[in-house]
Structures are given as C-alpha cells and as structure tokens.
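Visitor: Sending over a structure as structure tokens; questions will come in a sec.
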Amino acid sequence: MNYSALEKKDEFLLNVKVAREERANETKKIKSIILLQSVIRTWLARRRYRKLILQEFEQVINDVHHLKLAVNIFHLIRKLFSVWNNEIDRNRLCSLCRYITKSLEEENISYNYIGVFLIKEHSVLWIAQLKEILKKCNFYLKSIFTDTYSNAAEPQNTMIILLHTMVSLTSINTWRIFNSNENLRILKPGLNQLCHNTVGFLMSQNFYYTLKEILCKGFMPVIGTNKITLTNTCLMAVMILTCRPLLYSDFTNHIMLKFTEIIFTVPALIYHVHNLSPQFFASFEEEQLLNQIVLFLKNCEISTHTDNYPTLFINSANVSESNKLLCFTANFIELGKIYLEQMKKKNQILDFMNALSFLLTKCQKCVINHRSSNLTQWHPILGWFSQDGYDVNLHESLPLIKRQLSLLWSKVFLSAILEESLQLFLHNTSIAESSGSTKINNNKNNFGKKALNLLVDAANVNVRWKNKNTLINAETKLLSNEITYKIMIACRLYHTMINTFIQLRLDILTGLCYQSDILSLFWKYFLSQNGGLKYFYRYVSSVDKSNELFVDVNFQILLLFGECMVHYITNHIVEDAFYCLHKLNSIEIKQAFRIKFLNEEGLEEAGIDQAGIFKEFMVDLLKKLFDPSLNLFRKTSNGHVYPSSMTNMSEMNHLDLIEFCGKMLAKAIYEGIVLDVRLASFFLSQILGQTQSSLYSYLDDLPSLDEELFRSLMYVKRYEGNVSDLCLTFSTTEDYFGTVVTRELVPGGKVTNVTEYNKIIYVHLMAYDRMHTQIKRQTIAFAKGFHNIFSKDSLNLFSVPELQLLISGEDEPLNFDQLRLHTQYYGGFHDSHKVIVWLWDILKNDFTEEERGLFLKFVTSSSKPPVLGFAFLNPPFSIRCVEVSEDEDLGDSVGSVIRGFFTIRKKGPEHRLPTSSTCFNLLKLPNYSRKNILKDKLRYAITANSGFELS
C-alpha cells in the first residue's frame, strides 16, 4: 500500500510539473507571437510609412519644372532622411540634389531652398539638414567607381549631379536669391561664413580623401582608348572643391598640409587639369596657388617642428611616401611651367628654384648608391630603391610623371632658369670691362678677385631663402649678387637632379647640352677676358677640402659644367657614325672598318683596331641607337624593342636614322657580333615580310607589343552585354607630348559607333593600327636599311625566333665551363695553375651574372657568347701571364714562361691590373699572390670602362 501511494504521489507531482512547464511554454509562445506580431506590424507600418513618403517624394521632387514651397521641401527631406537606406536610395539622393540645385536658381525666396534658412524656427535644423545632404554626397562619391550600375553612363551622371550639388551648396556665388532682393545682401557675410563652416564640416568627413579617390580612379584610361574616365566637367568640379578649403581658410598651414599631402600628390594632377580644364587656374588671383605652395615649402624647410611637415617629407625613404613626393615634385614643376612667364616678370624664379631644390633634396634621401641587394628594389626613375620598390598604382601614370619632370630640362625652362641669367651676367661683365678698362689694365687681377669675392659672398648667405629686397641691383653693379647667386642655385638644382633621378640622368644631360646654349655660355663665363677659371683654380688650391664650403654652391657651376662636358664629348658616337657610314652602299657597307675612339679629354685612345675595337664600337653604337631615350625606339613591357611612332618629334632626319639602325644591325649580324638587343616579335615579322601572308593576324601578334590593349580588345570582342554601352567609335586618340590627337580607323570613324555587328572589324582594325599604321614609315625605313646587306630572298630562310637568335644569341646564363674547355694559355699559365683555378672559381661563384657579362665584354667586346657557343669563338679565348707594364710587354719569353709555369713571380705584381686585347680575345693576367687580390683587381678592371686608358 505504501509503495502504491508513493507511486501515485510521484506520478501526481510529475504531472503537475509537466502541466506547469506546458503553461510556461504556452505563455512564452504567446509572448513570442505578440512580439513577432509587433515587429512585423512595426515593419509593415514603417514600410507603409516609407512607401507613402517615397510616393510623396517622387511626386514632388521629380517635377523640377514646377517648384514647390521650400519649407515643404525641407519637411519632406526630413521625413525622407528618417527612413533613409544607404544601400538602395542613391538614385533618390541624385533626384533630391537635382531638385535643390534647380531651386537655387530661383529668385523667389519662397521657392529657393536657401530661403528656409531665413526662417528663424527652421534655421538650426536646416543647417543640420544641409550638412546631412553633403555628408551623403560625400558617402556615395567614395564608392562611385566600385558600385554596380545599370549602364556604363550612370556613374558619370551620378558623379556630375553630386559634385554639382556640393559646388552649389558651398558657395553663395550660385545663389540667385540675392539678385531680386536688395535687403538680403546684408546677409551675405553671414551666409558666406556658413559656407566656410560647411566646408570645414566636409573636411572633418575626410573629404580630401574622397576627392583623391575620384581623381586617381578618374585618371585611369577607358578600356580600349587613351581617354581618361573623368570628364572635363567632373574634373573642374573636383578641382573647385579641392581649392575651396584653401581659399576659405586663407591658405592656413593646417589646410595646406592636407592639400599638399593628399591632393597635390595625385599622379599627373596638374597635367590633366591643364589639358582638360585650364580655366580652373583662373579661380586664383594670378599665380596665387604656386606662390602659396612655394611659401609652404619655405616654411617646411626653416621649421624645426616636424608637426608642420607632411609625412612625405618626414618619411621620404618610405616607398609610398617617396612616390607621393615624386608626384608632388612633378606637379610642382608643371605648375611652375604654367606660371613661368609671370614668375619671370615678378622676379620669383629664385624662390621657385629654392623650393624645387628642397623637394629634390627630400627625393634624394630614398636614392642609394649601392646596387641590388635583399633590401633594395628597382625604381624606374630613382634607380635602386632603399625600401620595397615602387607603388604599382603609379605604373599607369609613370610616362606622364616623366614628361612632367622633363619640363625642367626643356628649352623654355632652361632659358628662364639658367640661360638668361648667364647672358645677363656676361652682358654686365662686358659693360664693366668697357667702362672701366683703364682701371682694370692697371690691376689685371682686380676684376677676377672681385668676381670670386662676390661669388663667395653669395654662397655664404646664412638664410637659404634670400630676401630679394636685400640683393644688390643688377643694373648698378659690375657683378650682381642676385645674378651670381641665381646662377649657382640653378646649377645646384640641376646637379642635384642628375644625382636624384638616376634613370633620367642621360635625358637631363642631353637636355642641358643640346636644348640650349648653356655650354657655350659657361665657356664664356669661365674664359672671359677678366673672368675666372684660374681664380676658381686658385681658390680650390687654397681652400680646406674638409670645409663644408668646398661642396657648397660655389662649385656647383664647375660640377655641372664638368658633368655636361663629359656627356657632350662622349655622346657623339651616334652622330659620328651616322655622318661617316649612312651613305655607304650595299657593297661598301660589307667591307672592313677601322675605328678610333676619343677619350674624355678629346684625344685619341691608344691601341690599333684589329676588329676588337670595331666590335666594341658596334655594340656601343647599337646600344645607343636602340636606347628609348633617343626616341627612335620604344620598349614593350617585357623589354623588347620596336620603332617609336613619334620619332618625328625629336629628329628632323628620323627616318634616315632608323634606316641607319637597320643597316648597322644587319652589319652586326653579317660580322657575327652578338648584341644585347631583343626586337619585338611582331616587328621581326614585318622585317621578314611575314605580315604579307594571308594566314598572318595582327591581333594574334598584338600581345608581343601591348598586352593590355590585347586584353581590352578581347574584352570588347567577348562582351556579354550590348557593346554599344561602351560608347566606342572607329577612332583612336593619342597624346603627342600634351596634344591629344584623334585618328579615324575608317573614313568617318569618329561618328561610326561600334556595335554587335561590326565589333570584330573594330578589334582587328585597332590591332592593325597599333602594329602597322602607327609605325609604317619607321618599319619601311628600318627594313630598307636591313635589306642593304641581306636580301629579302635570303631572309625567307629564317623564322622569327631564328633571326632573333642571330641578333642576340641564346637568352641563357653564360656557360663558363664551356669557355674554360676551349681556352688557350700562354706565358706559363695552364689549366691547373692556381691563378687560373682562382680565376674560374671567381667567375663561377663570386661574380654576379651582370659581372660575368662585363668580364666577357672586357675580353671579347661583347657581353654575349657566339650564337653556337664558345667553341665557335674566333679567335679562341686565351689567357697570358704578364710580368711587366703594358708598354714593355713583348710577349712570351723563355724566362717568363718558366717563371709562370712554376709560379715564380717578379716583385710587385699586385699593383698591376688585368688588361685585354679584344681583337684577339686575349686576357693579360698578372701572376697574383692571393685570390682576393685577383678578385678585386679583376672586378675593378671590368667595371672601370676605361678603354685603353686603364693599364
């Protein structure tokens, strides 16, 4: 009984518990249902509310021809923002902005959106609403290039509307309400201050970064064309918005810091603005922008607080900051070019040069002297770079940046910065000599000493940014401190630039030597009747070389003059060769030549040409001819060479020069000289005449020239949508040194749209134009010169890879094991001699691939092996032991052979350097006592590049 009662009790309690849990669950379920119903009803209510608001918004806002009361629009916008969804309401913001900008043109205050601000109870809320509108515009502009759109034209239309709204709402100049009501004009200062505050609010929203993103993405070219994405209207609006913070803040240091660091570092900014929206510069008073940047750089230089510095000046060794600094410098140079005439009239060139020198000094911090290592990478302008290479985003704009930098050594800049100052100096000197000849005759050294004293005085100025009011008037003094100082600062500027832009060094020196009369003016400067190269020499002899003054601006004139003269003397190989050889006919060109080189002093080098000097001459000549800096040829992305389509821009006889290139290349092949030149495969196909075949396709060969264009054309060819959306026509545009030229692919191509029916024709015409039409004259000229030696019939025996093999040999590492196998020894050397063992070990294990190529060029005049390998080197490579100086070397003797064989040395071979006779492929090697001496001497010999002057 007891057990039965207990069981019933447990069962009862269990049932009670279950029932209680069921009631609790039921209660929870009811609460959840009520909550869910509440959420759903709230969502549905908000949805209905949003729908009603959007219906009202669509009815009111889309009717821009019949404006509603501004107060009603104000309340409608408040309702809209209460249900705003950033993901789906972008188009509604565009409609709203379109309506607001339209209302700003209304003179009636009741319908003008600005009129709401004049209602006292709404003014505070209106300001908040205005900021919210601008904030949303800024938000959508950030993602303008990444969002998805229904058609290709929508991003541009959206950007134009948003930018137009921001321009209109941040300046009272577009508000028409002031035209009809004279009483409102007293409110202009207050409304103007409101605009200033609004722009300040935008700056707090990282507004400059948004504009920079638009500029960087907008300057990218449209697929298949050379046009940039950003239209003229958008670019003008962006630039107006970038400068409003500057103008409103009166160029305060804080805003200038942001402008220079964020906006002015956009690659090729001033280039695009000057070409697409030149009217932008009219928004400033004369050269106000340039002057303010110069003043800002001056303050940065003299400031001791790094807080006043942009980070690109502080961390210029950092890769991203140094690339910004490079873009900043390029934009600054182009801006100086725009205002060059104004600077000359107002005598502001000196300030500009000082500012530019400051920038170059900062750029130079990231340039290093040593070559590649684990800590360096290659930069296409600065050379070996001390951090992580260069920003890949800079690649597209790199040609434009180089073009901007090249303005500094153009004829116009050289004339304004240096040439006119030298001419004025010499003019004043001649006046002084003629007016004071009696006095000077009584004391011949007086003038030169005075010139030197003034030169020293000008260089020892404590403040680097010299106040022009403290300078002596040039018209009243024999030698003006201002002119002298200006000349020296200009020389320092160019000398710093030569040592900073390592990869543009030859371009800079060529511009200095050939774009102006600077060299002749320097000669007159140094060698005038009373002028003073001898006084420089005396001063250099007496000055303490450790003194900082020794490397100061005093001697920048001499340093720059020396750099230019070395370049001028040694840079005539192309001119001399063309003058002597270009008129030779097909029979004469095949005969043997004898070459004489001139050294840096203009004297003939020692040595007799027995084909070795000729081989060196051919290698150096063709290297110069195919160098892109000569503008006869260009390089593809993989380093292969093809003719430039703009050769006529740099040389009057450009087609004769290209024909000469073809003739000299054929001569090199005829003589069996292997070159370090690789021609583009499509160009070789045209030389061989393979493009005449019906099976040849320019489109298939296009990747060897322009892989990016090929991908763009393939994109057009395989475009899944309607190709008409891409807005392409049967025309192409090119930038010829700042001038945009449009060419038609077919007659009437500018107005012939690319459609689904003709896109295949368009793709093939673009490839044909890029590979054939643009370089047709250059290719014909090159082939004409090439066929002077090799007839078309003989060339038909070769394919493109086989012809390339004849030109440049195999593209493989040098096989020194094969070279050792075919080496002959003289003077007591043999393959097991310890000096020889050291030599091969050094070449194989210690030298880099570049140094191995230099060694091969040192002994054979070519850094490439023969086409079929070292077994076919003629004459064979040989090494001879030498014990005496070069002029006493009479070859092998019994004593020298015995001493060399038994490793017996005469005293002092360590001071000798290895030499060579390239005519006989002979290395003359002293019998060194230690391996490290051999390695150091050999490395010095192959890198000195001293011709016959070395030993």
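First residue of the sequence shown: 180, per the numbering used here; consecutive thereafter. Ideal placement from N, C-alpha and C gives every residue a C-beta, glycine not left out.
Check whether the segment 383 to 393 and the segment 412 to 424 touch, using three or more Cβ-Cβ pairs below 8 Å as the test.
Guide: Judged by Cβ distances under 8 Å, the segment 383 to 393 makes contact with the segment 412 to 424, as three or more pairs qualify.
Visitor: Along the beta strand (DSSP E) that carries PHE812, what are the first and last residues, could you check?
Guide: Here the beta strand (DSSP E) through PHE812 covers 812 to 814.
Visitor: Counting pairs of Cβ atoms below 8 Å between the segment 295 to 315 and the segment 248 to 265, do you hit three or more?
Guide: The segment 295 to 315 is in contact with the segment 248 to 265.
Visitor: Along the chain, which unbroken stretches of the beta strand (DSSP E) at least 3 residues long are found entirely within the segment 942 to 1014?
Guide: DSSP runs (the beta strand (DSSP E)) wholly in the segment 942 to 1014: 1003 to 1005.
Visitor: Given a cut-off of 8 Å on the beta-carbon distance, is the pair TYR849 and ILE968 in contact?
Guide: Yes, the Cβ-Cβ distance between TYR849 and ILE968 is below 8 Å.
Visitor: Among all the DSSP beta bridges, which residues are the ones paired with LEU192?
Guide: For LEU192, which the question treats as bridged, DSSP gives no partner whatsoever.
Visitor: Where are the beta strand (DSSP E) runs, 3 residues long or more, that stay fully inside the segment 428 to 456, in chain order?
Guide: Counting only runs of 3 or more, we get nothing.
Visitor: If I measure Cβ to Cβ from THR617 and keep anything under 7 Å in the same chain, skipping five residues before and after, which residues do I get?
Guide: Caution applies to THR617, whose pLDDT of 42 falls short of 50 and renders its modelled position unreliable; the value that the coordinates give is listed next. Taken in chain order, the list of residues that qualify is empty.
Visitor: In the DSSP assignment, find the unbroken alpha helix (DSSP H) run with THR377 in it and report its ends.
Guide: Looking at the DSSP string, the run of the alpha helix (DSSP H) that includes THR377 is 367 to 383.
Visitor: Provide the residue span of the alpha helix (DSSP H) that contains VAL591, from first to last.
Guide: Per DSSP, VAL591 belongs to the alpha helix (DSSP H) from 590 to 593.
Visitor: Take every Cβ of the segment 220 to 236, pair it with every Cβ of the segment 259 to 274, and state whether three or more of those distances are shorter than 8 Å.
Guide: Touching, per the Cβ criterion.
Visitor: Taking the CB atoms as reference points, tell me whether ILE339 and ASN291 lie closer together than 8 Å.
Guide: Against a cut-off of 8 Å, the Cβ pair of ASN291 and ILE339 comes out as no contact.
Visitor: Taking the straight line between their C-alpha atoms, what separation do you get for LYS794 and LEU700?
Guide: Each residue's Cα considered, the two are about 37 Å apart.
Visitor: Could you give the distance in angstroms between the alpha-carbon of SER600 and the alpha-carbon of ASN336?
Guide: Going from the Cα of SER600 to the Cα of ASN336 covers about 51 Å.
Visitor: CB-CB under 8 Å to LEU605, same chain, minus the five flanking residues each way: which ones, in chain order?
Guide: These residues qualify, in order along the chain: LEU700, LYS703, TYR704, SER707.
Visitor: Quick check on this structure: which residue in PHE839, GLU923, ALA962 has the alpha carbon closest to the alpha carbon of TRP862?
Guide: Looking at the sequence provided, one finds Phe at residue 862 rather than Trp. It is ALA962 whose Cα lies nearest to the Cα of PHE862.
Visitor: Restricting to Cα atoms, I'd like to know which of ASN607, ASN533, LEU529, ILE323 is closest to ALA595.
Guide: The option with the nearest alpha carbon to ALA595 is LEU529.
Visitor: Here's a check: name, in chain order, each residue in its chain whose Cβ is nearer than 7 Å to the Cβ of SER910, leaving out the five neighbours to either side.
Guide: Cβ within range, chain order: THR921, ARG922, GLU923, LEU924, GLY928, LYS929.
Visitor: Taking only the alpha-carbon atoms, compute the straight-line gap between ILE232 and LYS258 and give it to the nearest angstrom.
Guide: Near 7 Å, if we compare the C-alpha coordinates of LYS258 and ILE232.
Visitor: Where does ILE1058 fall in DSSP's three states?
Guide: Reduced to three states, the DSSP call for ILE1058 is strand.
Visitor: Confirm the yes/no value for this check: CB of ASP189, any heavy atom of the ligand SAM, distance under 7 Å.
Guide: This structure simply doesn't include the ligand SAM, nor any ligand for that matter.
Visitor: What residue does the alpha helix (DSSP H) around SER864 start on, and which one ends it?
Guide: Element bounds for SER864: 860 to 867.
Visitor: Please classify CYS906: is it buried, with 16 or more other beta-carbons within 10 angstroms of its beta-carbon, or exposed?
Guide: Exposed, since its Cβ has fewer than 16 Cβ neighbours within 10 Å.
Visitor: What is the residue span of the beta strand (DSSP E) that LYS1023 lies within?
Guide: Element bounds for LYS1023: n/a, residue is neither H nor E.
Visitor: Is LEU426 closer than 8 Å to LEU381 when the C-beta atoms are compared?
Guide: It is not a contact, given that the beta carbons lie outside the stated cut-off.
Visitor: Using a Cβ-Cβ cut-off of 8 Å (strictly less than) and excluding sequence neighbours within five positions of LYS367, which residues of its own chain qualify?
Guide: Counting only Cβ-Cβ distances below 8 Å, and skipping sequence neighbours, we find ILE351, PHE357.
Visitor: Hey, ILE792 and LEU811 are a contact pair by Cβ (cut 8 Å); roughly how many whole angstroms apart?
Guide: Between LEU811 and ILE792 the Cβ distance is about 24 Å, and since that is not below 8 Å, they are no contact.
Visitor: Please identify the residue among GLN458, GLU480, CYS542 whose C-alpha is closest to the C-alpha of ILE517.
Guide: When each option's Cα is compared against that of ILE517, the closest is GLN458.
Visitor: Tell whether a beta-carbon distance below 8 Å holds between LEU1033 and LEU1113.
Guide: No. Outside cutoff.
Visitor: Which residues does DSSP pair with TYR278 in a beta bridge?
Guide: According to DSSP, TYR278 bridges with nothing at all.
Visitor: Buried or exposed: THR1002, going by 16 or more other Cβ atoms within 10 Å of its Cβ?
Guide: By the 10 Å Cβ count, THR1002 comes out buried.
Visitor: Taking three-plus beta-carbon pairs below 8 Å as touching, is the segment 502 to 514 in contact with the segment 579 to 590?
Guide: The answer is yes - the segment 579 to 590 touches the segment 502 to 514, with three or more Cβ pairs under 8 Å.
Visitor: Please return the same chain residues whose Cβ sits closer than 6 Å to the Cβ of LYS665, not counting the five positions on each side in sequence.
Guide: Here the set comprises LEU529, SER600.
Visitor: May I ask which residues mark the beginning and end of the alpha helix (DSSP H) holding PRO334?
Guide: Unbroken alpha helix (DSSP H) run through PRO334: 333 to 348.
Visitor: Where does the unbroken alpha helix (DSSP H) through VAL250 begin, and where does it stop?
Guide: Note, VAL250: alpha helix (DSSP H), 249 to 261.
Visitor: Going straight from the alpha carbon of ASN621 to that of LYS523, what length do you get?
Guide: In this prediction, ASN621 has a pLDDT of 42, which is less than 50 and means its spatial position is unreliable; what the coordinates show is noted afterwards. ASN621 and LYS523: Cα-Cα distance of roughly 39 Å.
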